[in-house]
Every structure is written in structure tokens, then in C-alpha cells.
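These notes are about the structure you will find just below.
Numbering (our numbering), first residue to last: 1 to 658.
So, in C-alpha cells, the structure goes:
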């Protein structure tokens, strides 16, 4: 695991020293991604320089050092990630006469590219990565990203200089970086609280899409070729949904268990201490159960707890840990300790990002890093096995909504909005005393508010976009913005014939997973020099899941049917059969209380007017609504606050490279 970066000076006017110094300082801006080593490689003739920061995980010796050249000398590689099937690839390469000096996956990857070419090698890999390889013969820089988007990669032209990096902070560390904020991208942030690929917060800088690669020529300054796919989620979903596996439930469970155990086992390969995040939910519990079965020693597990019961899963996690016999560490965090994390977030997230679960994610990453260097995560199970409440909504209510007259939907929405979220929470708290635990709803006030918004939707093709949105009209908050198209506004590009549930699962995997969930996990873990591995995102498992009939994912109102059947073999169902809670914090209360002064400063009218990005009148109106309790605006406000805090951090950060 590491951070990578590089540049091409198309003018070829920079000296070796200048090229090496500037790219080295870009790498230094990502020191947290790799505290163990740093080096650069320069081709003065082509104006090319690449660098990396290393977090040594496999083959911690000098034989795993990057940048790494192929044995034939044609290719030079910098690479961030892990190739989980590198041993099989190595054996295949040895059968073709290749010889190796060490046992790193980096050496296997560069020799595979030399033997089979880049695209064929990418198709053979099972892993997570962002990589850059310089082909000295073809004089092309090739960038590639893993299939599901676990590892990030930014790139673009800055004048006549091409730049790429694992994090955009490495680009903005250069004093020649133009860095104009893209207002259209900002409108996407306000809508979703994250910026979807291919966009980034800066003009001219793109995120490489998952499952794709792009080739850049130093002879064509300013030109960005269209990335090419080596793996297509669209095709996987289309083929799986239309063809599917002709298997019965018992056979499906056997195949799933075999695949899942293999995925976990591959992610246990490490030359440094390893553990897992454990929330007590289905996905993380299944990961830890598999680890426990495969490990000869107790698995190290880590959980964050909160005093507020509505946001606390620590007791459930502890019960699962005790049953599985893990070496469990839990840390109860006071509201003030969590709040104290917030001022650090703009520096940790190199472009503005506003999923408030970033707060507990950061805290659990810091807890785990005290004892391990690698942590397995349960992320990715919701997307493949219908785990989000919106999947249930799509399956049960979307058809009903499409036939309900608009007038009726408006009456329902008005009724839901008649009371504040806090008032609904108090009402449901009374009802909860009379219903079984499995039927209770966590944070019902939030969910009713979201439902009220959805009842106003007229276009079913925009249902998912509006479900995901925190702000239905983001351009009303961003001056001079036009919201750009995304996959969510292009239904003609979706796989045909999907049910409402399948459509939402597809879009979750295509946009919400890489641009929200995996971005959050990558930045939170790498900020502490911790590597996160995600067994549910083994591409073989994703492909298998899409070939399953829906009733093996969602049955009788219950999601994740097949994972639950496997987990029940290891953990009593009473320990995990409960409503999905999520990983959150009481943000609405904090904004009205201990965070109010911090927020007031960021939302100062004069400040917003001086910066010139936000419509201060509309923002202030929303802030007053939230403070009064008339509307719960925490999610809308959080995106704006994180942008304002990020912008302030950007202004303070000194330019360090030329």
C-alpha cells in the first residue's frame, strides 16, 4: 500500500533535479499513505517523473521497493494497492521463463505487464489498486484503477504539465498548480455530499473510473483520451440479471461460502499485523467469522462505541466478538471526543467530502492502527445483497408510488413533514415498547423526512438520484453552477430489464460505493497509515452475487438472505438479527449545540460573499430552519460546512513544490 504520483513536462525544459524535486515534494504531501519509504524515477528526455510513498505490507525488504522497472527495462511501475492472486500469477510467469528476485506483488505485476501487456494483466488480477506504468518503447504513460474503485487515482493537464496522484493534495502541493474550483462539481457535492467520478473539485482534474485504464502521450499536451474499460459492471449486471445461476438454495450457499472464505483467506496474506473492524452487523460479523475459521490465533477486532444508544453498536459487536473468541478492543468515545475530530477532517479528505459517518470511521481507524497495519472491513455487502433500506423501499413501495396519484403523494408528504424529526423519534420511541426488536426502525424521524421528499418524485428514472440526494436543488446554493450529467441522469446507459431493486443495487455499486463508501474508508485508514481490505469486493464474489435470483438476496422483507444463512453457521442469529443501524453520529443535535459556534463561523454571510461560491441567502435560510427545529437540515448543511472548512484549509495550506 502506498501513495503514487507523477508528472510529464511536455515542454521537456525541466532538468533532472527540478523534475525529481517537484515530484518528490508531491509524494511528501502524501507521506501518511506510506511512512516507510519514498523514492523517485526520472526520464529527463521525456520530461517524466514518478514517485511513491510506501507502506510496506508484503515483502517489506528492499526487493519490494518502488518505482520498479521490469527485468527487460521497458516498463517502470508505481503502484498503490494489493494483488491478492499474485502467487498464482507468479507461478504462471515462472512457467513462461520469468525469474524473480523477491516475493512482492509489485514485482509480479510489472513482470506480468512485460509478459502479457497491460490490459491482459489487468484482466488477470484479483486486487485493489491505482497504478501508473511508463512504457519506454511506446512512450506512453498508462494509468489504471481496480474494478470496484477501492483505490483512488486523479489525473489531468495543468497547462503543459500532465499530473497524476493517489490524492489531489499531491497536485495542489505544486506552486504551479492552477487549481480553479469547479462550480459544477461543487453542485454535485451539495447534491450528494460527495463528488462522483469522473469529476473532481478542480477544473481539468478527473478521477479515473473504476475498472478502466487510460494512456497519455507526452506529445499531445492538453489531450485526455477517453478511458477504456477492462472490466464492465454494466455487463456483469446485464448478464447476471438476464441469465443468472441455475442453482438451488443449498448449492448457492455452498458456492457463496466457498467464494467468501477464499476471498477472506487471500486478504489475510500479510507480513505485518492484521485485524478487522467489527460493528456487530451482518457484513463485518461474517468477515470476522471467516477470519476466525481460517486463523490459528484469535483475530484482532476493533469497535467504537457511543453513549447515545441510537448510534451505538458496541454491545452487539462485543457479543459477536465473545462468541467468536476474538481479541477484541473497544473504545467508547464521548461526544466531545468525536466533535474534536471534525476540525481535522478537511485536511484528511483532500477534496471536500461530507458523509458524516466519516467521523466514527476515522476514530475506529485510529484505534485499530495502534495495534495492526492491515484491517479487513465489511463494506460492499449491502450493494451486492440488497442491504440498504432503499432496496427494500424499491422492492415494496416503488411500484405502489408509480400508481399513486400525485395529489395523494403530496398529502402523504405533507403529513410526514407536519412534525420535526425529533418529534417523530419520540413518538416511535413510545411505539417501540410494544413491538419486537426486529420490527423497530432506527432514527425514524430521518427516514420519514426522506420519505416525504420521495413522495414528490415525478420521474421514476430519477428515483435513485433523489433517494441518494441530500439536496434536491443544489444549484440554488452554488453561484454560477450548472449541475453536470452523471450516470444517475443517463438511464439509457443502464443495463436493460432491471427491477427497481436491481436498478438501485447497480447504481449503488457504480457510484455510491466507490465515490462515498470506499473514498471514506480509503482516506480514513490511509490518514493513519492503515491498509483496509474489503473481502465482499472480490470481483468474483460480485459477479456471483449478480447471477443469483433476487430471492436469495431479499426474502420476506429481509435483506442479505444468503450472507445471513452463512453467518448463522458461526454466530447465533439472535446476535445479528436486528434492524440496520448504520454508522452515524447525532449530527442534528451537535449542530444546534456544541458545533453551533463552529458552524456559525463557516456560514458567516460576509465570509460566503467574499469567497463567492455559495448563495449566502439560501444557505442562511436553511441554517435558521435547522436551528429552529422546523426542518432537519443536517445533511444539506454538512456538505456546505465541509466545503467551507475544506476551502479554509486550502487557503492555509502552503504551496511546496514547483
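From the three backbone atoms N, C-alpha and C, an ideal C-beta is built for every residue, glycine too.
Got a sec? Which residues, its chain only, sit under 8 Å from residue 325 by beta carbon, not counting five neighbours each side? Taken in chain order, the residues that qualify are 292 and 298.
Quick one: Cα of residue 90 to Cα of residue 294, how far? In this structure, the alpha-carbon of residue 90 lies about 23 Å from that of residue 294.
Buried versus exposed, by CB contacts within 10 Å (16 or more), residue 219: Counting every other CB atom within 10 Å of its CB across the protein chains shown gives residue 219 a total below 16, marking it as exposed.
What is the C-beta distance between residue 196 and residue 486, in whole angstroms, given that I count them as a contact (C-beta under 8 Å)? With a contact defined as Cβ atoms closer than 8 Å, residue 196 and residue 486 qualify at about 5 Å.
Per the DSSP calculation, residue 132 is bridged to which residue(s)? 78 and 143, per the DSSP bridge assignment.
Keeping to the same chain, check which residues put their C-beta closer than 6 Å to that of residue 11; ignore five residues upstream and five downstream. A distance below 6 Å between beta-carbons, with the five flanking residues on each side excluded, links residue 11 to the following residues of its chain, in chain order: 160.
Taking the C-alpha atoms as reference points, what is the distance between residue 84 and residue 72? Answer to the nearest angstrom: the Cα atoms are 24 Å apart.
From the DSSP output, in three-state form, read off residue 30 for me. Here residue 30 carries a coil assignment [DSSP, helix/strand/coil].
Is the CB-CB distance between residue 36 and residue 63 below 8 Å? For residue 36 and residue 63, no; Cβs fall outside 8 Å.
Could you give the DSSP three-state label for residue 279: helix, strand or coil? Reduced to three states, the DSSP call for residue 279 is coil.
So residue 167 and residue 350 are supposed to be a Cβ contact under 8 Å. How far apart are they, rounded? Between residue 350 and residue 167 the Cβ distance is about 4 Å, and since that is below 8 Å, they are a contact.
Alpha carbon to alpha carbon, how far is residue 513 from residue 639? Give it in angstroms, no decimals. The alpha-carbon of residue 639 is positioned some 18 Å away from that of residue 513.
Determine the burial state of residue 332: buried for a count of at least 16 other Cβ atoms within 10 Å of its Cβ, exposed for fewer. A residue is called buried once 16 or more other Cβ atoms fall within 10 Å of its Cβ, and residue 332, having fewer, is exposed.
Which runs of the beta strand (DSSP E) at least 3 residues long sit entirely within the segment 171-235? Give them in chain order. For the segment 171-235, the full-length beta strand (DSSP E) segments reaching 3 residues or more read 205-207 and 212-216 along the chain.
Return the first residue and the last residue of the alpha helix (DSSP H) that residue 107 is part of. In the DSSP assignment, residue 107 falls within the unbroken alpha helix (DSSP H) covering 105-116.
Using CA atoms only, rank isn't needed, just tell me which of 65, 60 and 46 is closest to residue 52. Looking at the Cα atoms, 65 is the closest of the given residues.
By Cβ distance, which residues of its chain are closer than 7 Å to residue 625, with the 5 residues on each side in sequence left out? Excluding residues within five positions, the ones whose Cβ falls inside 7 Å are 631 and 633.
If residue 376 sits next to residue 210, beta carbons under 8 Å apart, how far is it from one beta carbon to the other, in whole angstroms? The beta-carbon separation of residue 376 and residue 210, rounded to 20 Å, does not stay under the 8 Å limit for a contact.
Exposed or buried, what is residue 621 when buried is set at 16 or more other beta-carbons lying within 10 Å of its beta-carbon? By the 16-neighbour rule on beta-carbons within 10 angstroms, residue 621 is exposed.
Please report how far the alpha carbon of residue 627 lies from the alpha carbon of residue 364, in whole angstroms. Distance between the alpha carbons of residue 627 and residue 364 is about 30 Å.
Any C-beta of chain C under 8 Å from that of residue 553: Considering every chain present, this structure includes no chain C. It has just one protein chain.
Starting from the C-beta of residue 86, find all residues in its chain whose C-beta is less than 6 Å away, skip the five residues before and the five after it, and write them out in chain order. Closer than 6 Å at Cβ, skipping near neighbours: 105 and 108.
Nearest by alpha-carbon distance to residue 191: which of 643, 647, 650 and 652 is it? Checking every option, the nearest Cα to that of residue 191 belongs to 643.
Selection from 277, 476, 378 and 102 that minimises the alpha carbon distance to residue 283: When each option's Cα is compared against that of residue 283, the closest is 378.
Near residue 241, which residues of its chain fall below 7 Å by C-beta distance, leaving aside the five closest residues on each side in sequence? Cβ neighbours of residue 241 within its own chain (closer than 7 Å, five residues either side excluded): 495, 497, 498, 502 and 546.
For residue 659, which residues in the same chain have their Cβ closer than 6 Å to its Cβ, ignoring the five residues on either side in sequence? Residue 659 lies beyond the range of the chain shown here (1 to 658); nothing can be said about it.
Between the beta-carbon of residue 222 and the beta-carbon of residue 157, is there less than 8 Å? The answer is yes: Cβ separation under 8 Å.
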